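Only one structure is covered here, and it is reproduced in the block below.
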Amino acid sequence: MSSKSHDSLVKYDSPKLINSLARETSSSAAKNKQSSSAAKTGASTEDILNSILPPREWTDDGQLWVQYVSSVPATRHDVVTLQEELDKKLLQRKARETGICPIREELYAQCFDELIRQITINCAERGLLLLRIRDEIRMTIASYQALYESSIAYGMRKALQSQQSKNKLVEESNQVKRECSELEKEVNLLQDQISELQQNHDKKRADIKQKHEQEVQTMKEQNDALKQELQKLLTIQPKKK
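If you're matching positions, the sequence shown starts at 4 in this note's numbering and goes up one per residue.
Pasting the structure below:
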């Protein structure tokens, strides 16, 4: 039973053993108490406390146990003890001192509930006002948590889209590099062909030039020979006269 008493900073009465019929009766009574307006004049402190901090129920070895929040007023010593217990549990459960920490959040929530219990016993209206403040804070935290989770999901989607875009760009870049490499090969091949054509052209041009010079030289020699023969003929004819 002690292991099921749920160690908490909120002060509860001793657990009570009840049967199934009593559970149904107590559950329906608790629902009726919570559905009625706690701030209504004439409501008892126990009703208000049970509406703010509902009783806890659990089963142990087939037996049903219920534990109601304590309605005993707190003293100054209880407040000091609560602070010491809070610091002790923060150290025992190794809660973080800064940043987001579910353990620290849980312990401070229990401490705040205990303060609401203590204040409600002395002044129910203050307790109900603190209850509204607690619920508003929880709703605000839940909203921030939902916003945080939404932003994380949005960031993950954007990161995934960025990664996909990056992969696509990398693939396109590799394709362009391959095309550039192919074009460079074609350029080198064309340059080799141009160089070969240029060499062939220069060779043919040199051959033609050499052949032309040879023909010119041959024609000059033939011309010189004809000149010499003509001069001989010219010198022979006057002697015959």
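Where is the CB? At the ideal position from N, CA and C, for every residue including glycine. Since this is a predicted model, take the numbers as computed values, not measurements.
Legend entry - Straight-line gap, S11 to P58 (C-alpha atoms, nearest Å): 13 Å
Legend entry - Pick from K169, K171 and Y151 that is closest to I103, judged by C-alpha positions: Y151
Legend entry - DSSP bridge partner residues for L163 (one or two, in chain order): The partner list for L163 (beta bridge, DSSP) is empty, contrary to what the question assumes.
Legend entry - N- and C-terminal bounds of the beta strand (DSSP E) containing T62: R59 to D63
Inset, instruction - Can you tell me which of the three DSSP states V72 falls into? - result: DSSP places V72 in strand when its eight states are reduced to three.
Legend entry - Runs of beta strand (DSSP E) lying entirely within the region 61-145, each at least 3 residues, in chain order: Qualifying beta strand (DSSP E) stretches, in chain order: 66-70.
Inset, instruction - Would you kindly check if the distance between the Cβ of Q70 and the Cβ of Y15 is under 8 Å? - result: Yes. Within cutoff.
Inset, instruction - Assign P18 to buried or exposed, taking buried as 16 or more other Cβ atoms, counted over all protein chains shown, within 10 Å of its Cβ. - result: buried
Legend entry - Inter-residue spacing [alpha-carbon to alpha-carbon] between C114 and S47: C-alpha separation (whole angstroms): 23 Å.
Legend entry - R137 versus Q166 - alpha carbon distance: 43 Å
Inset, instruction - Tell me whether the beta-carbon of Q121 lies closer than 8 Å to the beta-carbon of A77. - result: yes
Inset, instruction - Give a yes or no on whether the C-beta atoms belonging to V13 and L56 are separated by under 8 Å. - result: yes
Inset, instruction - Let me know if A228 comes out buried or exposed under the rule of 16 or more other beta-carbons within 10 Å of its beta-carbon. - result: exposed
Inset, instruction - State the start and end residues of the unbroken beta strand (DSSP E) segment that holds D20. - result: Checking the sequence shown, residue 20 turns out to be Leu, not Asp. Per DSSP, L20 belongs to the beta strand (DSSP E) from K19 to I21.
Inset, instruction - For A145, count neighbouring Cβ atoms within 10 angstroms of its own Cβ and tell me buried if that reaches 16, exposed if not. - result: exposed
Legend entry - Bridge-paired residues (DSSP) for Y15: V72
Inset, instruction - Pick helix, strand or coil for D195, following the three-state DSSP scheme. - result: helix
Inset, instruction - Can you tell me the Cβ-Cβ gap for K92 and L118, rounded? I've got them flagged as a contact below 8 Å. - result: Between L118 and K92 the Cβ distance is about 15 Å, and since that is not below 8 Å, they are no contact.
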